[in-house]
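J.: Before I ask anything, here is the structure I am working with.
Number of protein chains: 2
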Amino acid sequence: MNFALGIDIGGTKVSYALIDNNGAIKGDISKVATPKSAREIESLLKNIILKFENNIEFVAIATAGTVNNENDKVIGSTANLPIGYKDINFSELSDKKIFIENDANCAAWAEYKIGASKDCKNSIMLTLGTGVGGGIIINGKLLKGKSGGAGEMHFVMSRNKRRQCTCGAWDCFESYASGNGLKLTATEISGNENITTYDIVDGAKVGNEDYKKALKVWQNDIALGILGLANLFDPDCFVLSGSMEKFVDVEEIERFVNSYVLTSPTKVYHAKAGNYSGMIGAVLLGNELI
Amino acid sequence: MNFALGIDIGGTKVSYALIDNNGAIKGDISKVATPKSAREIESLLKNIILKFENNIEFVAIATAGTVNNENDKVIGSTANLPIGYKDINFSELSDKKIFIENDANCAAWAEYKIGASKDCKNSIMLTLGTGVGGGIIINGKLLKGKSGGAGEMHFVMSRNKRRQCTCGAWDCFESYASGNGLKLTATEISGNENITTYDIVDGAKVGNEDYKKALKVWQNDIALGILGLANLFDPDCFVLSGSMEKFVDVEEIERFVNSYVLTSPTKVYHAKAGNYSGMIGAVLLGNELI
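In the order they appear, the protein sequences are chains A and B.
Just so we're aligned, residue 37 is where the first sequence starts under the numbering used here, counting upward by one.
Just so we're aligned, residue 37 is where the second sequence starts under the numbering used here, counting upward by one.
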């Protein structure tokens, strides 16, 4: 069995582990806080890689932000990582080959190889968290577009400029389908400000009608977005992941989508490649591309 | 030089011509009214093919409706063609190989090979007519999805159920960006019912403020949809075709999209492969796929 070092670089922590070429983690998963400067991230990565260098074939990094089509450079969208992160020359961190890809794309790949969308050559993963991430697989290949950044789940859901999105545009899918979107929806319905997603979920459980309605509207917004994606991509399935996906009724979404879809019926699944699908997917994708 | 017979089957007419493998039409383009029954369409096609059979390598058909991934069968969305059209066994029409693909997909392919998106390996064509059609090219391949029907421009533009779309869902891009969408927008703004797109365009020219506003809102809706597609696909360019595209300011749309796009700047062009891009694209695509 051959191993790679999988590393997941997020805004709050860096996780890493040895992973075999079937995507199984061998031994411990280590975690450290993400350093506050690009230079410190660089030396952290060098130190981590040094420890494993003799036992691995390559290094696979899942990172926040957009990665280029050559999988060797971060090129954008790294608001939660320090300035200068984009300038790190990843290929110089080690003599071993370094493969890098966006974390949501890696997670989508893990679902396709060993998770909920296994063997679905056309599939779309949506990560419902504070924001919404995405990874799109077409004919067994990751959709990257001309620069590498394809799969941004920022398409308009309203023409009325109701919510400004984190991206600067108005009313993107992210601003309705994300955890923050749920909070805004609940505030619109209840009038309550400063609520958390847990206030909403727990409130709905004990019968708060406003919060029950907010969850329903939120889920419907997710379903509307998925319907559009189903008409554009005609995928075998959708996979929902992220901290918010457990509050979603995938069967109800699937029924809604298939009652309107123009292309052909699709499936909607909960993710099942687990919390480390980012680094696992990075290794599985690196296996094929390097 | 080798030739194929290109045929375009639309709801009102069937057009055909000899086309060489560079996409140039040789000789006349013939047109006949689309017969009212599937059986008559079948015998019309047989007769047309018979005339050319000895001079061609294959037959390439661009058709309204969805075509399967094997390019030999129409599988859906043929509201403007007779019942039974889907059951035609195209491969039995002749001993020559028959290649069939959706007309919007064929037109997108013609733009990619010889038109406005030439050499743009990632491009999206939008046909703005009575409805909105589309063809999406990713990495030099047509996006077909699992069944063959990908590229339907039916994604939500509003959460408020303002307009029911021809597809049965509410507020799809098509119901805002199409000619019919423009009419609805103009009616909303002016209060006038039963207006034509020419009333709107001509009225705007002579200073009708309502119609000027309607055209502006309509164009903005097109731009909003394109922004979402740019974030999803990160294409090199968009190509606008169809009877309505001449009323659109592509430079203004491009500026709007690029001021918000998250992936990377894109281009927006007018189509230039001409009125017969459907049959030309069918031949050029058939050249590669059969």
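Positions of the beta carbon are idealized from the N, C-alpha and C atoms, including for glycine.
Does the CB of A/Thr174 have a neighbour CB from chain B at under 8 Å?
T.: Before going further, note that residue 174 of chain A is Ile rather than Thr in the sequence given. So, interface residue.
J.: How many angstroms separate the CA atom of B/Glu78 from the CA atom of B/Gly167?
T.: Taking the straight line joining both Cα atoms gives about 26 Å.
J.: Can you check DSSP and say which residues form a bridge with B/Tyr52?
T.: Looking at the DSSP assignment, B/Tyr52 forms a beta bridge with B/Ile43 and B/Ser66.
J.: Check the C-beta distance from A/Tyr52 over to A/Ile43 and give it rounded, since I have them as a contact under 8 Å.
T.: Yes, A/Tyr52 and A/Ile43 are in contact; Cβ-Cβ is about 4 Å, under 8 Å.
J.: Which partner residues does B/Ile136 have in the DSSP bridge list?
T.: According to DSSP, which records beta bridges pairwise, B/Ile136 is partnered with B/Ile97.
J.: Name, going along the chain, the residues of the segment 262 to 279 of chain B whose beta-carbon falls closer than 8 Å to a beta-carbon of chain A.
T.: Leu263, Gly264, Leu265, Asn267, Leu268, Phe269, Asp270, Pro271 and Asp272
J.: Is A/Ile119 buried or exposed, if buried means 16 or more other CB atoms sit within 10 Å of its CB?
T.: exposed
J.: If you measure between the beta carbons of B/Asn125 and B/Asp272, is that distance less than 8 Å?
T.: no
J.: Check whether chain A comes within 8 Å of B/Glu224, counting only Cβ atoms and requiring the distance to be less than that.
T.: no
J.: Just curious, the alpha helix (DSSP H) that B/Leu251 is in, first and last residue?
T.: Segment Glu245 to Phe269, the alpha helix (DSSP H) holding B/Leu251.
J.: When you compare the segment 262 to 272 of chain B with the segment 287 to 302 of chain B, are there three or more beta-carbon pairs, one atom per stretch, that lie closer than 8 Å?
T.: Judged by Cβ distances under 8 Å, the segment 262 to 272 of chain B makes contact with the segment 287 to 302 of chain B, as three or more pairs qualify.
J.: CB B/Leu129 to CB B/Ile172, shorter than 8 Å?
T.: no
J.: Measure the C-alpha to C-alpha separation of A/Arg195 and B/Val192 and round it to an integer number of angstroms.
T.: 10 Å
J.: Does the beta-carbon distance from A/Gly215 to A/Gly165 come in below 8 Å?
T.: yes
J.: Taking the C-alpha atoms as reference points, what is the distance between B/Lys303 and A/Glu245?
T.: One Cα belongs to B/Lys303, the other to A/Glu245, and the distance between them is close to 47 Å.
J.: Closer than 7 Å between beta carbons: that is the criterion. Which residues of the segment 285 to 302 of chain B meet it against chain A?
T.: Tyr296, Leu298, Thr299 and Ser300
J.: When burial is assigned at 16 or more other CB atoms within 10 Å of the CB, is A/Leu325 buried or exposed?
T.: exposed
J.: How would you write the range of the alpha helix (DSSP H) that B/Ser211 sits in, first residue to last?
T.: Glu210 to Ala213
J.: Excluding sequence positions up to five away, which residues of its chain have a Cβ less than 8 Å from the Cβ of B/Gly170?
T.: Ala140, Ala144, Ile160, Met161, Leu162, Thr163, Gly187, Glu188 and Met189
J.: Should B/Asn311 go down as buried or exposed, given a rule of 16 or more other Cβ atoms within 10 Å for buried?
T.: exposed
J.: Using Cβ-Cβ distances below 8 Å, what residues of the segment 190 to 205 of chain A are close to chain B?
T.: Under the 8 Å Cβ criterion, the segment 190 to 205 of chain A contributes His190, Phe191, Val192, Met193, Ser194, Arg195, Asn196, Cys203, Gly204 and Ala205.
J.: Which residue wins for smallest C-alpha separation from A/Met115, given the options A/Asn228, A/Lys109, A/Ala100 and A/Asp123?
T.: For clarity, residue 115 of chain A is Ala in the given sequence; the question names Met instead. When only C-alpha atoms are compared, the closest one is A/Ala100.
J.: Could you tell me the distance, in whole angstroms, from the CA atom of B/Ile97 to the CA atom of B/Ile316?
T.: 9 Å
J.: Could you pull out every residue in the same chain whose Cβ sits closer than 8 Å to the Cβ of B/Lys49, ignoring the five residues on either side in sequence?
T.: Lys67, Val68, Ala69 and Thr70
J.: Roughly how many whole angstroms lie between the Cα atoms of A/Ala74 and A/Tyr121?
T.: The alpha-carbon separation between A/Ala74 and A/Tyr121 amounts to approximately 5 Å.
J.: Using a Cβ-Cβ cut-off of 6 Å (strictly less than) and excluding sequence neighbours within five positions of A/Ile152, which residues of its own chain qualify?
T.: The question names Ile, but residue 152 of chain A in the sequence shown is Ala. Only Val275, Tyr305, Ala307 and Lys308 meet the Cβ criterion.
J.: Among A/Gly184, A/Lys248, A/Ile225 and A/Lys219, whose alpha-carbon lies nearest the alpha-carbon of A/Glu106?
T.: A/Gly184
J.: Taking a Cβ distance cut-off of 8 Å, strictly less, list which residues of the segment 68 to 88 of chain A are near chain B, in chain order.
T.: Cβ proximity to chain B below 8 Å picks out nothing from the segment 68 to 88 of chain A.
J.: Please return the same chain residues whose Cβ sits closer than 6 Å to the Cβ of A/Thr221, not counting the five positions on each side in sequence.
T.: Cβ within range, chain order: Ala250, Val253 and Trp254.
J.: Is there a C-beta anywhere in chain A that falls below 8 Å from the one on B/Lys249?
T.: No, no contact with chain A.
J.: For the beta strand (DSSP E) that contains A/Tyr234, what are its first and last residues?
T.: Per DSSP, A/Tyr234 belongs to no beta strand (DSSP E); it is in the alpha helix (DSSP H), Thr233 to Lys241.
J.: Would B/Tyr100 count as contacting chain A if we go by Cβ distances under 8 Å?
T.: Going by the sequence as given, residue 100 of chain B is Ala instead of Tyr. No, B/Ala100 lies away from the interface with chain A (no Cβ there is under 8 Å from its Cβ).
J.: DSSP beta-bridge partners for B/Lys177?
T.: Paired residue(s): B/Ile174.
J.: State buried or exposed for A/Lys149, treating a residue as buried only when at least 16 other CB atoms are found within 10 Å of its CB.
T.: Buried, because 16 or more other Cβ atoms sit within 10 Å of the Cβ of A/Lys149.
J.: Tell me whether B/Asn64 is buried or exposed, calling it buried when 16 or more other Cβ atoms sit within 10 Å of its Cβ.
T.: Per the sequence presented here, residue 64 of chain B reads as Asp, with Asn not at that position. By the neighbour-count rule (16 or more Cβ atoms within 10 Å), B/Asp64 is not buried but exposed.
J.: Hey, how far is the Cα of B/Asp235 from the Cα of A/Gly112?
T.: 46 Å
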